[in-house]
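Report on the structure given below.
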Amino acid sequence: MTNPLSFSLLLVLSSVGWLASCGDGEPAPPPGDSASSGGAAVSGATGGGHGAGGAAPGAASASGSSTGGVAAGGAGSTGSGGVIATSSTTGAGGAEPVAPGIVKRGEGKLAESGLTVVSYGGYVNGESFQQDAIVSFNGYQYTAFWNRNRNVVLARRELPASPGGAAGSWQKFDFTDHRLSADDAHNTISLGIAPGDGTLHLAFDHHGSTLHYRRSVTGLLTDPEGAAWAAASFSAVSSALVGSNTVRLVTYPRFVTEPGGDKLLFSARIGESGSGDEHLWEYDAATHAWRSLGEYIEGTDASMNAYLHGLAYTRGGSRLHAAWCWRDTPDATTNHDLLYVYSDDHGRTWMNNAGEKVATTGASFVTRSTTGLSVWPIGQNRGLINQEHMAVDASGRVHVLLSHLPDAEADNSNFTSARSRSEFFHYVRDTDGTWARHGLGLRVIENFRGKLAISSTENVYAILPDLRIAGASPSDGYATWTLLDDTDAGRFFSDPLIDAARLETSDELTVYYPERGSVNIWGLEYALQ
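According to our numbering, the sequence shown holds residues 420 to 948 in order.
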């Protein structure tokens, strides 16, 4: 269905679409680090596959929306009837709010040879914990995927000079010196950009693994015509960032460009599911070198780990935010709580929701006993999926997409069963530190996860599995969510990914999504209001 508010605009623009062509017997482990029972396991895990079609289940129950939360410096409350401050009701810069609306401009294949092995419930191309699989910079868009030869493929295209214009064709090459080591959906590819020296960074093929990292020659991104778009423009695979110090037990690598572009953060879990720590490194474009900042979230001492929903800066600002859930064992049923900290010095020191200093990276860590971390209690056995998504708007509001059982549902220690009754929720931290929660009224699809996109009007869009797109406005504190588009339901598989960097400079949204049962990966293009 298409939102009536954007229907007239759709009629005008629907013809402007632009296509970018390219030429063992053990129970199945839980998601995140254990195979979902919904996946057709290939590397020893058991379980059935996702059915073809895969239309979304019905809408959520009326209990899906509630308020409550933690005021800055205050105690938390949960469930309906909680008392919190009202969220601000204007868009960016105090402008009048605009109703959420989308227009699909077109679509094109960004890959025609994507690896289709199903593992842990999904494809290795298209997993929510990839930050980022598709990213834009300096008029070009960059993406990566594993091909059927099990090699990393890099692709780029020139973006249109004006909204709705024609993008260039995808230019691709593959790295033949490394093959995917396991049929494991954790072993994704993440991209990072250092504008200060124009380098592109890759981390790939990790699940408790030795680091696999490479970077481009300087100037590849700032002068895209000055260096060859080819494997020869990249370093060999390295297991070290600092000197010859091998980095081991790596999972979930992610890059975050610091404001100003002179430095780039790299975060990864070191350890394993139910026993891991989060570490930070920083790349300096002036010296072309990494330094280790150290551990910032401790889990191994308590035999647990943090699963980040996101690590991101305020759009246009300098505050770094982190949100996560704890997992107490390797079993996904022990995921619990929404936790939050922020840093105003690029991850050196960390503050809790109330603004109290709680950790110093490399010296004193965020731990289970750190005060003021939990901003919304979510119990174990609630079907809470790890590593959904977090995004921060230009006003400094923190938006977190989570999926779990609604309040009216009883606890369920069977994770697969709990997921079958789970729904999507939007958690938002206002600029005064208060949190609110609103139900989207949409059920999950097994263990697939969604993403949040934010437009210049500070409308928030949930890009959900099966390519359902819903939106909400700051006009009522994001309390009202509307399904805007589900016309492509049934076409895609795994998690939708988005180009968040492109949204920082335009209201053009690119969704990266593998086609169900196909080697094709699509780039779908939308205009957001």
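Glycine included, C-beta positions come from ideal geometry on N, C-alpha and C.
Where residue i sits in the DSSP three-state scheme
i    : result
P893 : helix
L534 : coil
D642 : coil
D763 : coil
S652 : helix
R688 : strand
R634 : strand
L428 : Note that L428 has pLDDT 35, beneath the 50 cutoff, so the model's placement of it is unreliable and the number below is only indicative. In this structure, L428 counts as helix in the three-state DSSP scheme.
F623 : strand
D756 : strand
A827 : coil
S832 : coil
L922 : helix
A585 : coil
R838 : helix
A751 : helix
A721 : helix
H728 : strand
L792 : coil
E526 : strand
Residue closest to residue i, alpha-carbon to alpha-carbon, out of the options
i    : options                : result
S686 : I864, R673, L727       : R673
H857 : Y846, V930, D851       : Y846
G936 : E927, S925, E944, F911 : F911
G617 : G611, H625, I608, L640 : L640
G815 : T850, A704, G611       : T850
L529 : S600, A742, L573       : L573
M723 : G735, T752, T906       : T752
V760 : Q560, Q799, D720, W743 : W743
A721 : A741, W745, F623, L727 : W745
V669 : S663, H605, G798       : H605
G627 : T676, D696, A649       : D696
H728 : D926, T535, G774, L803 : L803
G533 : S892, S832, A898, V571 : V571
G766 : T779, Q806, L757       : T779
D907 : P915, T901, W900       : P915
V537 : G942, E934, Q948       : E934
D750 : E923, N833, V930       : N833
S839 : S875, K591, R801       : R801
H620 : F653, T595, E644, H597 : F653
D642 : P614, G736, T790       : P614
D681 : Y702, W769, R667, S694 : Y702
Residue i: CB within 7 Å of a non-hydrogen atom of the ligand SAH
i    : result
D826 : With respect to the ligand SAH, the structure offers nothing, as it holds no ligand at all.
Sheet register partners of residue i (DSSP bridge)
i    : result
R930 : Checking the displayed sequence, the identity of residue 930 turns out to be Val instead of Arg. V930 is bridged to I917, L943.
I521 : L947
L660 : Beta-bridge pairing links L660 to no other residue.
D703 : K682, A708
F594 : V571
I797 : BP columns for I797 are empty, so no partner.
Y846 : V819, R856
M770 : Y761, K776
E697 : R688, I716
H808 : L820
F556 : Y559
Q549 : DSSP lists no partner for Q549.
Residue j beta carbon less than 8 Å from that of residue i
i    : j    : result
S822 : S841 : yes
V863 : L871 : no
I882 : R734 : no
Y932 : G587 : no
D918 : E877 : no
V656 : R633 : yes
Q550 : S609 : yes
Y732 : V817 : no
Y726 : N805 : yes
W648 : F592 : yes
H698 : G713 : yes
F867 : G541 : yes
T924 : G942 : no
R575 : Q590 : yes
D904 : I521 : yes
(request) Enumerate, from N- to C-terminal direction, the unbroken beta strand (DSSP E) stretches of 3 or more residues contained entirely within the region 864–917. (result) Runs of the beta strand (DSSP E) inside the region 864–917: 870–873, 879–883, 887–891, 901–904.
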